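Asks:
There are 4 protein chains.
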Amino acid sequence: MPVMSPADLLKFLDENFPQAGHLDLAIEHLDDRTIRVRLPTHERHLRPGGTISGPTLMWLTDCSFYLLILAQLGPVALAVTTNLNINFMRKPEPADLIGEGRLLKLGKTLAVGDFTIWSDGVKEPVAHATVTYAIPPKR
Amino acid sequence: MPVMSPADLLKFLDENFPQAGHLDLAIEHLDDRTIRVRLPTHERHLRPGGTISGPTLMWLTDCSFYLLILAQLGPVALAVTTNLNINFMRKPEPADLIGEGRLLKLGKTLAVGDFTIWSDGVKEPVAHATVTYAIPPKR
Amino acid sequence: MPVMSPADLLKFLDENFPQAGHLDLAIEHLDDRTIRVRLPTHERHLRPGGTISGPTLMWLTDCSFYLLILAQLGPVALAVTTNLNINFMRKPEPADLIGEGRLLKLGKTLAVGDFTIWSDGVKEPVAHATVTYAIPPKR
Amino acid sequence: MPVMSPADLLKFLDENFPQAGHLDLAIEHLDDRTIRVRLPTHERHLRPGGTISGPTLMWLTDCSFYLLILAQLGPVALAVTTNLNINFMRKPEPADLIGEGRLLKLGKTLAVGDFTIWSDGVKEPVAHATVTYAIPPKR
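Residue numbers (my numbering), protein chains in the order written: chain S, 1 to 139; chain X, 1001 to 1139; chain A, 2001 to 2139; chain H, 3001 to 3139.
Set out below in structure tokens:
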């Protein structure tokens, strides 16, 4: 079972990363292996033509995966991203983004997982990423 | 439905890539999105200590994903790998390797997917990869 | 020789991606293979502790590499990122970021290169990325 | 200065990885940041059409980067690959392969670098990879 709830996680983000503009991120599901998030589409995320920018997708990936790890390790963990590899596969629709993260390894020093992003209501994924976080030793 | 069967694929490999030493690769499942393969462990794949080498895992990933694409496009396709990103997560056991590939996009010019590898009988995965293949234009 | 100058590129960005907040990005060098950019550090890029967020580094990578390709192809090109792989290696200092991009391939359908980021005045790099852009066919 | 010489490294490989078939790999340059290797082209590396297989390029990358790290840490180090990301950019010629590796970070727990491969005599690179190795704690 995760040691932090979705509400705990969003409060932690709000207090520690006020610049991140995450306030609208919703956590729709969380367990000890997976997370499902929803990002409402805002005008500032849009590129000309109504699509959503690559950096927004990368931010969503990094942030959501951080929350998934934090949920398992608790709020003191200072995990940092060491690798992020993302394939952009389709142009996102101007709709909410749905993201699903999956922990493939939660080791003592490294956490590895993948993250898939869809436009709400569209079957084929927009992007798929793998992420590695380094977990600092306990003090 | 795939246009090539597992038997077609292995025959194609055998005729076109005799050096690849693929003869023992078994295709346990194949559909229009996924493939499941089994690689019996041979001594020549082993490293000291009885583990399986990283290059063997990369070869298995590349070859299996090629078969998955070939199954959809038919034997004339000359798809070539353009990107392979692999995370090695656990030391493989000296057991058969099980690999599962999943097509995330099969476009006109690019195919993208991921591939997960397990040691037979062990729940946690050994490695996870994402692969991109370029699909040449039809003549 | 590039077909667009640094001034052309920044004007293009300003007109087409007003949301991107790129206005302070400076192009210090540009030729037919490489680009060197400088990003002044703003408060909104900072994380607690004065460091620069991962998403800022990913945005800088993606944007700079886009400019490098655009410089070669001209303003009509609608290149889109298909893959971005980044290794975060050191905590950035609260200093300007310096980025250097290098085209390794500029093909008809794909452009590939790498991008290294430093904190100004520090020898060891902060991050290193590889990027692939798909280049649409000429109409 | 590296603590192992090219001759030391090849002897270590020969004794510890006899299956790897590395015997013809030559180390043309080695310092505390970089390595340059040459792989003579053998028939068993070739694919139909005279090109060199992707798995051979991945093996060359992984092995050479391992040697570069080993040269700095000495023969007791049991570094293991945790991530390898490779972009295949051009079809290799049936010529010797030249590879150049570069350490971007040699930390206490992770080493990160990149590796570029050329066909001997051809200016444009065949492939470019980034590699991460985990370095085990000293006992």
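No residue lacks a Cβ here, since even glycine has one placed at the ideal position from N, Cα and C. As the structure is a computational prediction, the values presented were derived from the model and not from experiment.
Put S/I52 into one of helix, strand or coil per three-state DSSP.
Replies: Three-state result, S/I52: strand.
Asks: Smallest Cα separation from H/P3094: which of H/D3120, H/E3100, H/L3106, H/N3085?
Replies: Nearest of H/D3120, H/E3100, H/L3106, H/N3085 to H/P3094, Cα basis: H/D3120.
Asks: For S/H29, I'd like the list of residues in its chain whose CB is within less than 6 Å of its CB, leaving aside the five on either flank, ordered along the chain.
Replies: Closer than 6 Å at the Cβ level, and outside the excluded window around S/H29, lie R36.
Asks: Please list, in chain order, the residues of the segment 2080–2110 of chain A that have any C-beta partner in chain X closer than 8 Å.
Replies: Those residues of the segment 2080–2110 of chain A that come within reach of chain X (Cβ to Cβ, closer than 8 Å) are T2082, N2083, N2085, T2109, L2110.
Asks: Taking the alpha-carbon positions, what's the H/R3033 to A/L2106 distance?
Replies: Their backbone Cα atoms lie some 28 Å apart in a straight line.
Asks: Note down, in chain order, each residue of its chain lying with its Cβ closer than 7 Å to the Cβ of H/P3092, except the 5 sequence neighbours on either side.
Replies: T3051, I3052, S3119, V3126, listed in sequence order.
Asks: Just how far apart, CA to CA, sit X/L1073 and X/V1003?
Replies: Computed Cα separation, rounded: 7 Å.
Asks: Taking the straight line between their C-alpha atoms, what separation do you get for A/I2086 and H/D3008?
Replies: For A/I2086 and H/D3008, the distance between alpha carbons rounds to 33 Å.
Asks: Ignore the nearest five residues each way along the sequence and tell me which others in A/I2069's own chain have a CB closer than 6 Å to its CB.
Replies: A2079, A2111, Y2133, listed in sequence order.
Asks: Is S/F17 helix, strand or coil by DSSP?
Replies: Correct three-state label for S/F17: coil.
Asks: Decide if H/D3031 is buried, meaning its Cβ has at least 16 other Cβ atoms within 10 Å, or exposed.
Replies: With fewer than 16 Cβ atoms within 10 Å of its Cβ, H/D3031 is classed as exposed.
Asks: Which residues of chain X have a Cβ atom closer than 7 Å to the Cβ of H/P3055, listed in chain order?
Replies: Ordered by position in chain X, the residues that pass the 7 Å Cβ test against H/P3055 are P1055, M1058, W1059, D1062.
Asks: Check whether chain A comes within 8 Å of X/T1116, counting only Cβ atoms and requiring the distance to be less than that.
Replies: No, no contact with chain A.
Asks: Tell me where the beta strand (DSSP E) around A/E2028 begins and ends.
Replies: First-last of the beta strand (DSSP E) with A/E2028: 2026–2030.
Asks: List the DSSP bridge partners of X/V1080.
Replies: X/A1134, per the DSSP bridge assignment.
Asks: By the three-class DSSP mapping on this structure, what secondary structure does H/D3071 have?
Replies: Looking at the sequence shown, residue 3071 of chain H is not Asp but Ala. Correct three-state label for H/A3071: helix.
Asks: Please tell me whether A/P2055 and S/P6 are closer than 8 Å, where the distance is taken between their beta carbons.
Replies: Against a cut-off of 8 Å, the Cβ pair of S/P6 and A/P2055 comes out as no contact.
Asks: Could you tell me whether the Cβ atoms of X/L1039 and X/L1097 are closer together than 8 Å?
Replies: Yes, Cβ-Cβ distance for X/L1039 and X/L1097 is below 8 Å.
Asks: Just grab the DSSP bridge partners of A/K2105 for me.
Replies: Per DSSP, A/V2112.
Asks: Whose C-alpha, out of S/I135, S/T130, S/K108, S/P136, is nearest the C-alpha of S/T61?
Replies: The candidate whose alpha carbon is nearest that of S/T61 is S/T130.
Asks: Where S/F115 and S/Y66 are concerned, what is the direct C-alpha to C-alpha distance, given to the nearest angstrom?
Replies: If you take the alpha carbons of S/F115 and S/Y66, they lie about 11 Å apart.
Asks: Run down chain X in chain order and give the residues with a C-beta less than 9 Å from the C-beta of A/T2041.
Replies: In chain order: nothing, as chain X lies at least about 30 Å away.
Asks: Quick one: what's got a C-beta closer than 6 Å to S/E100's C-beta in the same chain, skipping five residues either side?
Replies: R36, T116, listed in sequence order.
Asks: Work out the CA separation of S/S64 and S/L57 for me, nearest whole Å.
Replies: When rounded, the distance between both Cα atoms is 11 Å.
Asks: With DSSP as the reference, please indicate the residues paired to X/R1036 in a beta bridge.
Replies: X/R1036 pairs with X/H1029, X/E1100.
Asks: According to DSSP, which residues form a beta bridge with H/W3118?
Replies: In DSSP, H/W3118 forms a bridge with H/I3098.
Asks: For S/G132, would you say it is in contact with chain X, using Cβ-to-Cβ distances shorter than 8 Å as the test?
Replies: Just to set this straight, residue 132 of chain S is Thr in the shown sequence, not Gly. Interface residue, yes.
Asks: Using only the alpha-carbon positions, how far apart do X/R1152 and X/N1083 sit?
Replies: Examination of residue 1152 of chain X is not possible in this model, given that chain X is present from 1001 through 1139 alone.
Asks: What do you get for S/T26, buried or exposed, if any count of 16 or more other CB atoms within 10 angstroms of its CB means buried?
Replies: Before going on, a small fix: residue 26 of chain S reads as Ala here, not Thr. It counts as exposed.
Asks: Could you check the C-alpha separation between H/W3059 and H/K3123 for me, to the nearest Å?
Replies: Looking at the two C-alpha atoms, the distance is approximately 22 Å.
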